[in-house]
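Asker:
Number of protein chains: 2
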Amino acid sequence: MSSQRATLENPDETTAAGDTVRKALYEKLVALVGEGHVLMQEDDRQKHSKTTLPYSKACALILYPSTALEVQGIIKLANEYRWPVWPFSRGNNWGYGTKNALKENAIILVLERMNRIIEVNESLAYAVIEPGVSQKQLNDYLKENKINLWLDCTDSTPNGSILGNAIERGYGYTPYGDHFGHLCGLEVVLPNGGLLKTGGEHSSAKTWNTHKWGSGPYVEGLFSQSNLGVVVKGGVWLMPKPEDFRLFTFEVRSDDRLPEVINALRELSLAGTIQCHTHMVNDFQMLSLLGPYPYDKRDGKTHLSDAALGEFRKKFRIPRWSLVGGLYGAPDVLKMNRKKLKKRLCGLGDIDFFDDKKISAAKKFADFHAKSKEGSVSRIVASLLKPFISLKPIKLIQLIPDIHDILKGVPNESILASAYFKSSSRPPESNLNPAEDGCGIMWLAPTLPATGEAAEELLKLVKPIYESHGFEFSGCFTIINPRTFFLLMGIFFDQKDHEEKARALNLYHELNRAVKSGGFPQYRLGLPAMENFMENENEIHDLLARIKKAADPNGILAPGRYIASTA
Amino acid sequence: MSSQRATLENPDETTAAGDTVRKALYEKLVALVGEGHVLMQEDDRQKHSKTTLPYSKACALILYPSTALEVQGIIKLANEYRWPVWPFSRGNNWGYGTKNALKENAIILVLERMNRIIEVNESLAYAVIEPGVSQKQLNDYLKENKINLWLDCTDSTPNGSILGNAIERGYGYTPYGDHFGHLCGLEVVLPNGGLLKTGGEHSSAKTWNTHKWGSGPYVEGLFSQSNLGVVVKGGVWLMPKPEDFRLFTFEVRSDDRLPEVINALRELSLAGTIQCHTHMVNDFQMLSLLGPYPYDKRDGKTHLSDAALGEFRKKFRIPRWSLVGGLYGAPDVLKMNRKKLKKRLCGLGDIDFFDDKKISAAKKFADFHAKSKEGSVSRIVASLLKPFISLKPIKLIQLIPDIHDILKGVPNESILASAYFKSSSRPPESNLNPAEDGCGIMWLAPTLPATGEAAEELLKLVKPIYESHGFEFSGCFTIINPRTFFLLMGIFFDQKDHEEKARALNLYHELNRAVKSGGFPQYRLGLPAMENFMENENEIHDLLARIKKAADPNGILAPGRYIASTA
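Order-wise, the sequence lines are chains S and Z. FYI, numbering that gives the first Met the number 0 numbers position 31 of the first sequence as 30, with every residue one higher than the one before it. FYI, numbering that gives the first Met the number 0 numbers position 188 of the second sequence as 187, with every residue one higher than the one before it.
1) Leaving out five residues before and five after S/A528 in sequence, what residues of the same chain have Cβ atoms less than 6 Å from its Cβ?
2) Go ahead and pull the three-state DSSP assignment for S/H302.
3) Whole angstroms is fine: what's the gap from S/G213's alpha carbon to Z/M533's?
4) Per DSSP, Z/A126 is paired with what?
5) Please identify the residue among Z/V235, Z/E250, Z/G518, Z/Y561 whose C-alpha is closest to the C-alpha of Z/V132.
6) Please report the straight-line C-alpha distance between S/E373 and S/F247, rounded to a whole angstrom.
7) Using a Cβ-Cβ distance under 8 Å, would Z/D436 count as near chain C?
8) Express the C-alpha separation of Z/A503 and S/S122 in angstroms, rounding to a whole number.
9) At 8 Å on the CB atoms, spell out the chain S contacts of Z/Q521, in chain order.
10) Tell me the residue span of the beta strand (DSSP E) that contains Z/G348.
11) Just to confirm, is the Cβ distance from S/T583 to S/Y140 under 8 Å?
12) Following the continuous alpha helix (DSSP H) through S/R265, name the residue where it begins and the one where it ends.
13) Establish whether the CB of S/P239 and some CB of chain Z are separated by less than 8 Å.
14) Is S/K46 buried or exposed, if buried means 16 or more other CB atoms sit within 10 Å of its CB?
15) Cβ closer than 7 Å: which chain Z residues qualify as neighbours of S/R115?
16) So what does DSSP say about Z/E435, is it helix, strand or coil?
17) So, is S/L543 buried or exposed, given that buried needs 16 or more other C-beta atoms within 10 angstroms?
18) Taking Z/H278 as part of the beta strand (DSSP E), name the residues at either end of that continuous run.
19) So if I threshold CB-CB distances at 9 Å, which residues from the stretch 17-50 of chain S count as touching chain Z?
20) Quick one: Cα of S/P569 to Cα of Z/T50, how far?
21) Using a Cβ-Cβ cut-off of less than 8 Å, give me the residues of the stretch 439-466 of chain Z that come near chain S, in sequence order.
22) Can you give me the Cβ contacts of S/A263 inside the same chain, cut-off strictly under 8 Å, excluding the 5 residues immediately before and after it?
23) Since S/A454 and S/R482 should fall inside the 8 Å C-beta cutoff, what is the C-beta to C-beta distance between them, to a whole number of angstroms?
24) Name, in chain order, the residues that DSSP records as bridge partners for S/C475.
25) Taking 7 Å as the limit between beta carbons, can you name the residues of its chain near Z/Q284, skipping five residues before and five after?
26) Going by Cα to Cα distance, which pick from Z/G94, Z/G90, Z/V119 is closest to Z/L110?
27) Say yes only if the C-beta of S/G271 is nearer than 7 Å to one or more non-hydrogen atoms of the ligand MN, and no if none qualify.
28) When DSSP labels each residue in this structure, what does Z/Q71 get in the three-state scheme?
29) To test your reading of the DSSP string, which unbroken beta strand (DSSP E) runs of 3 or more residues are found completely within the stretch 156-186 of chain S?
30) What are the start and end residues of each continuous alpha helix (DSSP H) run of 4 or more residues lying completely inside the stretch 503-543 of chain S, in chain order?
31) Pairing CB atoms from the stretch 222-237 of chain Z with CB atoms from the stretch 214-233 of chain S, are three or more of them under 8 Å?
32) Given a cut-off of 8 Å on the beta-carbon distance, is the pair S/L62 and S/V32 in contact?
33) Provide the residue span of the beta strand (DSSP E) that contains Z/K196, from first to last.
34) Leaving aside the five residues before and after Z/P552 along the sequence, list all residues of the same chain whose C-beta is less than 6 Å from its C-beta, in chain order.
35) Return no unless some Cβ of chain Z is closer than 8 Å to the Cβ of S/I479.
36) How should Z/S375 be labelled, buried or exposed, when 16 other C-beta atoms within 10 angstroms of its C-beta is the threshold for buried?
In structure tokens, the structure reads:
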């Protein structure tokens, strides 16, 4: 036995030989990245293994390398010791798995110290950055240096990694919201420790960060949603600051108008009137943005009744579906597109537009309100700020300026706060961390063709599953491209309620199975969905397994992450 | 020796054993696809091996399968007999290699019989087609069935394959001109004979043709510019017919304004004013569109002098650089963008816009002229058609309606005719086939960042190379995306002039080396450039070789095409 390596599958935990091997690996890793950048104490490992899922997988240790060279060294050691390594850019993948591996005892690689902004090219409108660069960091950099480029950010944490989200193929709100689509030029540490520059014949190419497809096979897609490399540098296209910008909101009149709204959004997107990624939340998801979960209104059941939800819609004056989006461009373009939006949508609900002036009034109103007693807005103030009285609950008015910022690429935590919906504690003032703060939230995100018919079919499929598991349906239709939406579905649960946790996981698995067999594949996967991903897709499964074997013969890089290791 | 297979590298041509093996393979192939669909006669093989390059590679035989199943069978036989197979959709890749393999004696697979239009989805604006579907075929289908979708076509032959061009990552003119970017959902016969459907967990996905990235690793890029599979079906996004359309032309005032024009085009593209892929040809490339090469003006040299070229510019009233592009959208959008174009470009040259009325007048003028004697336009007709008198030579006026059509996705042969520039014969009335008709033309297409500075640097690099090899520089700057252009460079030569052929090939190789080491990688490659592609790119070369080995252990699929088989 002594000649065998201790591995994840065969950790040899209890033997002295296993201990010796582990100790030797630890020491080499410490020598490589420095003692201060290796977390191996029990409490650190506990803290950093926390997720917002109903379970967590404990890791062996957490490493914080600072250079690509260190990453290469780690990968080489992992090969030598046959020890799985799971890389994360900044590891804030809440609702999908945070920075957990599929199995326990992996080495977790967090790249947040690799946070260099290597280049910002203003005229060609791109940045080259490392995976540790956060949304906040790049946005601050652009603003401080008066660079006329806008970031597209997600509505998750400002501390989130730009490259990490792009590699995972996440979406934002602006016309640059397809983050993988706007990624151009990668440097990747391969599972054999080599450092690859994408682009084909591009190692000295002037177009490495401008021409996405490069020369020869386009391989960057292989490193998205996969386990074939550690992205250590990447080019990101940025949006030249538009001459003008306008936030718009739209409230769908009634549930039965939803299919028609979906069709209208497709038509407007195909025609180029809408170029952004509109988000449309249902009443329950909106409720999660407005305050803590109303446990007292459950009426003995595990979830709110339709009637109780109806009360909330009434109280907060929120519709079944609420949409936000943005118009970007020259003032005359905006004016025209505003007209087109109004014309197409007016029969289906209420549309509203917000310029900077109106947003600043909303801010004042919200501030004033925060200082006064809840609900006690004076008549004078109310009349002064008339446009917002129709905007209903103060929480919504407070949200609007933050959403306005997100649509301008300025990240903030206002949407993220909804992760605390079922927590016993309210979100802190800043630096929200739903995993460490014990929140319970899981996301699923099936895709659907952008037709009202498909939207109806998907809702008919998933809503009864929520119902039968005793949860409220939480959904957000988001435009991926003019032909496709995803429906972001949340499962909120209380980490302290063991019965609810088990029920939440059952719900997750049933939803995952249902959307898969229903023909609505998810645009990205949470950890629990990876176990049997592609189980019925023989050819692609086999090809990817062959590629994995060729690129990572020892199977050390994030085994099971999107690509199964055996055909 | 008898146990060894006859292969391309070891054809065993002269032995009886080799003959027997070849004969057995032939018979099995004939049994598979039918005798009428196997060309193996010497004259057929000669005819179909012809290229527009200075050389051709004779093939073993040409197969025309009609189903994916037949393609799978062929691939399996190729594996059994270790015989290289080179697939081509319709094989009209003139100027890059037509349907030649890198080495002689390969089996050539032409997929033109697989020409089914499987689905056209008008509301979601896509088509699912087989590789044999030509540009003309799909355009005709859309028009005949009154489907309000527009194709983006290339300016090459209407008989060209839509999927073939997209897989090779070709470009057209309209906002949908990035053909690979608008490809969504592929079926691919793998080198092991398996049939793969892309998209990850998409085998029954409703979003297979709407959501480009799918679930899990995005693999479609692997099948573009590569030798990892035979694409047998694909989804293509089509453009909803815009409410309005306008062709515009722009003549750059002088050579020294070119960098500023490039910068203006980038800014207009980044801002979304220009959404199409403008093409801007130099004087010599324009000359190739207007008639036969003026051999009599060479003045004893191998190429036209600057002075002679100046004479032609004067005679035809053409500028150093001429651009075409299109505006697409609602009438008010067009009006606005027209203003913005004028404002930004007016100081740099002359801009002109063409609506349907003006185009129809141009047609009438050209027809009238064709019927009268060359140049003898009566004063009355001239005054009636005044707007076109400024449009200079009759050849240009004849071209405008055809270019107008191409910009609306209606393919025609007017640009392709330039391939006959140095031929002894003029292009036929229709069904142009430059390879079979003995034309000499090669294309190179380096990419460059969309800056005036880069354009100047690239021109300074390549123009002296043309000069030193005794050729006129022929170039066309085309927008790939707002951040990138390619410079399409033509080498025109006379297939009957052996000295010129040798010189043309030398020029090609030197240009290829120069743009590679200069940091201007080509967006696609001609056959002569594939020999040493990626020779200095160790990591990507090694990764792709590993993938190739894993996917195609016998190396039977298009060996050497973009991916070298050994690391």
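Cβ coordinates follow ideal geometry from the N, Cα and C atoms, glycine included.
Answerer: In short, the structure shows the following:
1) N511
2) coil
3) 12 Å
4) Z/V119, Z/V235
5) Z/V235
6) With a pLDDT of 47 at S/E373, under the threshold of 50, the modelled position of this residue cannot be trusted; read the value that follows with caution. The alpha-carbon atoms of S/E373 and S/F247 are separated by roughly 27 Å.
7) Among the chains of the structure shown, chain C does not appear; the protein chains present are S and Z.
8) 37 Å
9) E200, S214
10) 348-353
11) The question about residue 583 of chain S has no answer here: the residues shown for chain S are numbered 0 through 566.
12) 257-269
13) yes
14) exposed
15) Neighbours of S/R115 on chain Z: none; closest Cβ ~21 Å, over 7 Å.
16) coil
17) buried
18) 278-281
19) none
20) As displayed, chain S neither begins before 0 nor continues past 566, which places residue 569 of chain S out of reach and without an answer.
21) T446, L447, P448, A449, T450, A453
22) R343, L344, L347
23) No, S/A454 and S/R482 are not in contact; Cβ-Cβ is about 13 Å, not under 8 Å.
24) S/V280, S/L487
25) S473, G474, C475, G489
26) Z/G90
27) The model depicted lacks the ligand MN and carries no ligand whatsoever.
28) helix
29) none
30) 526-529
31) yes
32) yes
33) 194-196
34) none
35) yes
36) Confidence at Z/S375 is low in this model, with a pLDDT of 48, below 50, so its placement is unreliable and the value that follows should be read with caution. Classification of Z/S375: exposed, given that the 10 Å Cβ count is below 16.
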